[in-house]
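Protein chains in written order, with this note's numbering: chain E, 211 to 435; chain Z, 20 to 434.
No residue lacks a Cβ here, since even glycine has one placed at the ideal position from N, Cα and C.
The structure under discussion appears below in the form of structure tokens.
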Amino acid sequence: MRILVVEDEIQIQNSIKLFFKANNFKIDTSRFFDEALSLALINDYDCIILDLMLPDGNGIDIIRELKSKNENVGIIVVSAKNALDDKINALSLGADDYLTKPFNLSELNARVFSIIRRRKFFGNNITNINEISIDHASKKVTIKNTELELTKTEYDLLLYLVVNKNKVITKHAIAENLIGEEAEYLQSYDFVYTHMKNLRKKMLDAGSNDHIKTMYSVGYKFEIE
Amino acid sequence: MTLFDKLRRDYIIYSIIILLISGVSFYLIIKSIIKIEIDEELVYEKNRVLEQFQNSDNEIPIIKTDIIEIQNLSERNSIMSISDTLIFNSYELVHYRQIKNTFNKNKQNYLLTIRKISIEDDELVFIVFLIVMLVFILLLSMLFYFKQRNEKRLFEPFYDIMNKLSKIRLTDIMNIEANTNSIVEFDLLKKELNILLEKLSADFRAYKEFTEETSHELQTPLTILKSQIDVLLQKHKIDNELLIKINSFAQIIDQMSSLIKSLNLINKIDNHVFGEIEEISLIKVIEVNLERLDMILSSYNLVLNLDSDIIILTNPYLIKILCSNLIMNAINHNNETKFIKIDMKNNQLILENSGDELSIETDLLFKTFKKGNLNNSSSGLGLSIVKRICEQNNIAYSYKNNKNLHKIILTFTKI
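Here's what the structure looks like:
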């Protein structure tokens with residue numbers, strides 16, 4: 211997979227690179243409008259992570275340019291602007307997703323995976339990871355030929371864990387993935403624990419290994435060799 | 020009191036003073052004119068009579084009537100005087116002006132008295148009063164006529180300007196266009212208002228841009244911190260103590276970020292950024308929120324009483340925020356009882372939740388940065404956002420509590 215990160219803050223660029231390294235993604239970065247646009251036109255990226263506010267231009271125009279040239283590339287917009295208009299504008303121009311700054315890298319990771327899955331496999335693919343098999347189209351999870359009866363929340367939770375495998379993900383990041391941005395107004399993430407407990411039990415009951423590791427008071431880690 | 024009422028009142032007061040002064044002077048002037056006239060006539064007549072007497076050979080008749088009197092005088096002295104006198108004629112006392120003059124004929128001394136009826140004081144006062152009253156009535160009727168005919172027309176530009184001014188919203192400031200009928204004051208008013216409006220509009224835009232940019236600028240360093248913490252958390256050799264420290268940093272960053280977002284939202288609400296309104300079913304908004312928060316609410320004892328819907332005319336985004344904040348509030352400030360009740364009836368939305376007793380006065384609850392309970396980590400902005408949305412949409416809000424049961428009641432106006 212090849213990803214282009216267009217972001218004028220070097221430190222954010224670096225964090226994204228480091229976090230994504232584990233996915234074996236090839237990552238290009240750019241801080242400038244023109245450079246980013248030519249990179250996007252020359253190379254065949256699976257996904258572009260695009261900051262709207264660039265020192266020499268507006269990221270919105272990159273979306274416009276790419277779409278006018280029929281570039282079929284997934285675009286995820288990250289912006290510090292939490293304006294409804296910007297979001298609607300970006301999405302209507304052909305961006306696939308919109309993430310407001312500050313975001314969790316695990317959330318960005320999940321969104322990038324989701325875009326690639328949708329675009330490359332039109333959603334009709336199956337993720338096999340060790341003994342676990344996830345069918346994205348029918349939203350069914352099978353472990354050693356046993357189909358798990360998961361609630362929607364538990365399914366979403368598992369998907370999030372699998373995408374961010376071997377990474378520590380905070381309860382906050384999980385809550386935000388499940389509820390949306392408003393999760394940050396919640397004062398307790400106890401519900402994450404409840405649903406995680408149920409998911410873990412269902413997986414163990416189906417004969418799965420214990421992949422879900424609790425990181426003391428911080429969050430969870432889905433461990434896969 | 021309108022400007023015209025005030026002018027009219029002053030005008031009437033001054034008219035009365037002027038009419039009083041002019042009435043008195045009128046009286047005095049008329050009185051002295053009459054006196055001078057009568058006196059002149061008396062002198063003239065006296066001279067004529069005396070001349071006649073001097074020229075005739077007849078004996079001087081001794082007469083005594085009201086208007087002429089001739090008396091014999093024993094001694095010779097010389098009198099010439101004009102004075103007022105009262106004479107009783109058959110039924111009343113009558114005012115006379117009289118001239119007395121002694122004369123001598125054939126060695127006999129006489130006193131000639133000629134009288135003329137003069138005007139009485141009370142009669143004169145009455146006449147003057149009548150004239151003054153007449154003038155006063157004329158003035159009043161002129162004022163009334165003027166009010167009927169001109170006041171509205173004259174003040175039309177003023178009310179036009181005021182009407183246009185009242186319709187101006189901070190988010191959409193336009194110059195006032197009004198026909199001032201070339202009245203200098205209204206031209207000036209319009210000109211100064213437009214200068215003010217232009218300045219206000221520019222200031223408002225700058226202020227809005229500043230707050231928006233500040234909030235973006237603040238989010239960027241937070242994003243850097245947050246992404247680095249995410250990377251840091253992935254280090255393999257990290258002990259629990261450090262992990263917890265790093266996580267507490269992450270929590271603080273999330274708190275700051277949500278604080279900035281809330282303040283930005285409050286700022287936008289205050290600036291009436293959410294202008295577009297539509298008819299919205301409150302039940303639908305509540306249901307969408309409940310569904311979204313179902314993964315949390317499923318562990319709660321949730322009682323719903325959503326029988327009679329409330330249709331409101333408002334901005335869809337704001338009403339979504341309002342409902343979400345209220346439900347989040349009921350979740351965040353709950354206790355082990357985990358009870359939430361949502362009631363909709365008689366145009367009221369009532370949210371009830373179990374929770375610890377408040378540690379602040381209940382009327383401070385909706386104030387910015389006031390937390391109902393001092394030992395939790397809420398920003399204290401949730402209900403302040405609710406308050407603002409309510410105030411902007413004519414929704415009455417109130418809070419009631421009964422020890423461990425808290426109740427927020429919103430009353431909607433019917434559309």
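* Skipping 5 residues on each side, what residues in its chain have a beta carbon closer than 7 Å to that of E:ASN299? -> The residue given as residue 299 of chain E occupies position 89 in the first sequence. Result list for E:ASN299: ILE270, in chain order.
* Buried or exposed: Z:ALA349, going by 16 or more other Cβ atoms within 10 Å of its Cβ? -> Looking up residue 349 of chain Z in the second sequence gives position 330. Label assigned to Z:ALA349: buried.
* Within-8 Å CB hit, Z:GLN411 to chain E -> As a first step, residue 411 of chain Z is located in the second sequence; it is residue number 392 there, counting from the start. No Cβ of chain E is located within less than 8 Å of the beta carbon of Z:GLN411.
* Member of Z:LYS386, Z:ARG172, Z:PHE45, Z:GLU310 whose CA lies at the smallest distance from the CA of Z:LYS339 -> Position 320 of the second sequence, counted from the first residue, corresponds to residue 339 of chain Z. Restricting attention to Z:LYS386, Z:ARG172, Z:PHE45, Z:GLU310, the CA atom closest to the CA of Z:LYS339 is found in Z:GLU310.
* **Three-state secondary structure assigned by DSSP to Z:PHE223** => As a working note, residue 223 of chain Z is residue 204 in the second sequence. Helix.
* Does the stretch 362-376 of chain Z come within contact of the stretch 287-300 of chain Z, defined as at least 3 CB pairs closer than 8 Å? -> A contact is defined here as three or more CB-CB pairs under 8 Å, and the stretch 362-376 of chain Z fails this definition with respect to the stretch 287-300 of chain Z.
* To do: State the Cα-Cα distance for the pair Z:HIS291 and E:LEU294, rounded to the nearest angstrom.
  => As a working mapping, residue 291 of chain Z is identified with position 272 in the second sequence. As a working mapping, residue 294 of chain E is identified with position 84 in the first sequence. Rounded to whole angstroms, Z:HIS291 to E:LEU294 spans 15 Å at the Cα level.
* With a cut-off of 8 Å, does the C-beta of Z:ILE427 fall near any C-beta of chain E? -> Taking the second sequence and counting its residues from 1, the one referred to as residue 427 of chain Z is at position 408. Chain E, which has no Cβ nearer than 8 Å to the Cβ of Z:ILE427, makes this no.
* **Of the residues Z:LYS209, Z:GLN117, Z:ARG168, the one placed nearest Z:TYR178, counting alpha carbons only** => Along the second sequence, read from residue 1 onward, the residue named residue 178 of chain Z stands at position 159. Looking from the CA of Z:TYR178, the closest CA among Z:LYS209, Z:GLN117, Z:ARG168 belongs to Z:LYS209.
* Asked: Are the C-beta of Z:ARG311 and some C-beta of chain E separated by less than 8 Å?
  -> In the second sequence, residue 311 of chain Z corresponds to position 292, counting from 1. Judged by the 8 Å Cβ criterion, Z:ARG311 is in contact with chain E.
* At 8 Å on the CB atoms, spell out the chain Z contacts of E:PHE229, in chain order. => On the first sequence, position 19 is the one that residue 229 of chain E refers to. Neighbours of E:PHE229 in chain Z, taken as residues at a C-beta separation under 8 Å, are given in chain order as SER246, ASP249, VAL250, GLN253.
* Between Z:ASP328 and Z:GLN253, what straight-line distance do the alpha-carbon atoms span, to the nearest angstrom? -> The sequence position of residue 328 of chain Z within the second sequence is 309, counting from 1. The sequence position of residue 253 of chain Z within the second sequence is 234, counting from 1. Their backbone Cα atoms lie some 49 Å apart in a straight line.
* Neighbouring residues, chain E, relative to Z:SER276 (Cβ below 8 Å) -> The sequence position of residue 276 of chain Z within the second sequence is 257, counting from 1. Near Z:SER276 (Cβ distances below 8 Å), the residues of chain E are PRO312, GLU394.
* Is the distance from the Cβ of E:LEU360 to the Cβ of E:LYS412 below 8 Å? -> Indexing the first sequence from 1 puts residue 360 of chain E at position 150. Indexing the first sequence from 1 puts residue 412 of chain E at position 202. Cβ atoms of E:LEU360 and E:LYS412: closer than 8 Å.
* To do: Thinking E:ALA305 and E:VAL287 are a contact (beta carbons under 8 Å), I'd like their distance in whole angstroms, please.
  => Here the question's residue 305 of chain E lines up with position 95 in the first sequence. Here the question's residue 287 of chain E lines up with position 77 in the first sequence. About 5 Å separates the beta carbon of E:ALA305 from that of E:VAL287, a gap short enough to meet the 8 Å contact definition.
* Would you mind sorting E:ALA246 into buried or exposed? The rule is 16 or more other CB atoms within 10 Å of its CB. => Against the first sequence, residue 246 of chain E aligns to sequence position 36. E:ALA246 should be labelled buried.
* Asked: Hey, out of Z:ASP249, Z:ASN365, Z:LEU282, Z:GLU410, whose CA is closest to E:LYS227's CA?
  -> As a first step, residue 227 of chain E must be located in the first sequence, where it is residue number 17. Ranking the options by Cα distance to E:LYS227, first place goes to Z:ASP249.
* To do: Report all residues from its chain with a CB closer than 6 Å to the CB of E:VAL322; omit the five preceding and five following residues, and keep chain order.
  => Residue numbering aside, residue 322 of chain E sits at position 112 when the first sequence is read from its first letter. So the list reads CYS257, once near-sequence residues are dropped.
* In whole angstroms, what separates the C-alpha of Z:GLN71 from that of Z:ASP141? -> Taking the second sequence and counting its residues from 1, one reaches residue 71 of chain Z at position 52. Taking the second sequence and counting its residues from 1, one reaches residue 141 of chain Z at position 122. Across the structure, Z:GLN71 and Z:ASP141 are spaced so that their CA atoms are roughly 37 Å apart.
* Spatially closest choice to Z:ASN354 from Z:ASN423, Z:LEU316, Z:ILE101, Z:ILE315, by CA coordinates -> Within the second sequence, the letter at position 335 stands for residue 354 of chain Z. Relative to the Cα of Z:ASN354, the nearest Cα in the group Z:ASN423, Z:LEU316, Z:ILE101, Z:ILE315 belongs to Z:ASN423.
* To do: Would you decide whether Z:VAL203 is buried or exposed? Buried here means 16 or more other CB atoms lie within 10 Å of its CB.
  => In the second sequence, counting from the first residue as 1, residue 203 of chain Z sits at position 184. Exposure of Z:VAL203 is indicated by the presence of fewer than 16 other C-beta atoms within 10 angstroms of its C-beta.
* Going along the chain, which residues of its own chain have a beta-carbon closer than 6 Å to the beta-carbon of E:LYS375, five neighbours each way excluded? -> As a first step, residue 375 of chain E is located in the first sequence; it is residue number 165 there, counting from the start. Setting aside the 5 residues that flank it on each side, E:LYS375 is surrounded in the same chain by PHE432, ILE434, each with a C-beta closer than 6 Å to its C-beta; the list follows chain order.
* To do: Please list the partners that Z:GLN468 has in chain E, where partner means a Cβ-to-Cβ separation under 7 Å.
  => Only positions 20 to 434 of chain Z appear in the structure, and residue 468 of chain Z is not among them; the question remains open.
* Asked: Touch check for the stretch 123-132 of chain Z and the stretch 76-93 of chain Z: three-plus C-beta pairs under 8 Å?
  -> Under the three-pair Cβ rule at 8 Å, the stretch 123-132 of chain Z counts as touching the stretch 76-93 of chain Z.
* To do: Check each residue of the stretch 371-388 of chain E: if its Cβ is closer than 7 Å to any Cβ of chain Z, include it; give the result in chain order.
  => Within the stretch 371-388 of chain E, contact with chain Z at the beta-carbon level (separation under 7 Å) is assigned to LYS377, VAL378, THR380, HIS382, LEU388.
* **Beta-carbon proximity check, Z:TYR416 vs Z:LEU429, cutoff 8 Å** => Residue 416 of chain Z sits at position 397 when you count from the first residue of the second sequence. Residue 429 of chain Z sits at position 410 when you count from the first residue of the second sequence. Pairing Z:TYR416 with Z:LEU429 gives a Cβ-Cβ distance under 8 Å.
* Can the beta-carbon of E:VAL402 be found less than 8 Å from the beta-carbon of E:ALA385? -> Counting from 1 along the first sequence, the entry for residue 402 of chain E is found at position 192. Counting from 1 along the first sequence, the entry for residue 385 of chain E is found at position 175. The answer is yes: Cβ separation under 8 Å.
* Using 8 Å as the limit for Cβ to Cβ distance, is E:VAL287 near chain Z? -> Along the first sequence, one-based indexing puts residue 287 of chain E at 77. Chain Z, which has no Cβ nearer than 8 Å to the Cβ of E:VAL287, makes this no.
* To do: Return the chain-ordered list of same chain residues with a C-beta closer than 6 Å to the C-beta of Z:LEU323, the five sequence neighbours on each side being excluded.
  => Looking up residue 323 of chain Z in the second sequence gives position 304. If the five residues before and after Z:LEU323 are omitted, its C-beta is found closer than 6 Å to the C-beta atoms of ILE361, all from its own chain and listed in chain order.
* Asked: Since Z:ASP362 meets chain E, which of its residues come closer than 9 Å, beta carbon to beta carbon?
  -> Within the second sequence, numbered from 1, the residue matching residue 362 of chain Z stands at position 343. Within chain E, no residue comes near Z:ASP362; the closest Cβ sits about 23 Å away, beyond 9 Å.
* To do: Would you check if the stretch 338-345 of chain E and the stretch 219-233 of chain E touch, i.e. whether three or more CB-CB distances between them fall below 8 Å?
  => Result no; under three Cβ-Cβ pairs closer than 8 Å.
* Near E:GLU317, which residues of its chain fall below 8 Å by C-beta distance, leaving aside the five closest residues on each side in sequence? -> For the purposes of this step, residue 317 of chain E is taken as residue 107 along the first sequence, with counting starting at 1. So the qualifying residues of the chain are LEU309, ALA383, GLU386, ASN387.
* Quick one: Cα of Z:ILE53 to Cα of Z:GLU111, how far? -> As a first step, residue 53 of chain Z is located in the second sequence; it is residue number 34 there, counting from the start. As a first step, residue 111 of chain Z is located in the second sequence; it is residue number 92 there, counting from the start. The straight-line gap separating the alpha-carbon atoms of Z:ILE53 and Z:GLU111 is approximately 22 Å.
* Asked: Should Z:ARG28 go down as buried or exposed, given a rule of 16 or more other Cβ atoms within 10 Å for buried?
  -> Taking the second sequence and counting its residues from 1, the one referred to as residue 28 of chain Z is at position 9. Exposed is the label assigned to Z:ARG28, since fewer than 16 other Cβ atoms lie within 10 Å of its Cβ.
* Report the rounded CA-to-CA distance for E:ALA250 versus E:LEU276, giving the unit in angstroms. => Numbered from 1 along the first sequence, position 40 holds the residue referred to as residue 250 of chain E. Numbered from 1 along the first sequence, position 66 holds the residue referred to as residue 276 of chain E. So the two alpha carbons sit approximately 8 Å from each other.
* **Z:SER343 versus Z:LEU173, Z:LEU26, Z:GLN167, Z:ILE404, residue with shortest Cα-Cα distance** => Within the second sequence, the letter at position 324 stands for residue 343 of chain Z. Proximity to Z:SER343 across Z:LEU173, Z:LEU26, Z:GLN167, Z:ILE404 peaks at Z:ILE404, based on C-alpha coordinates.
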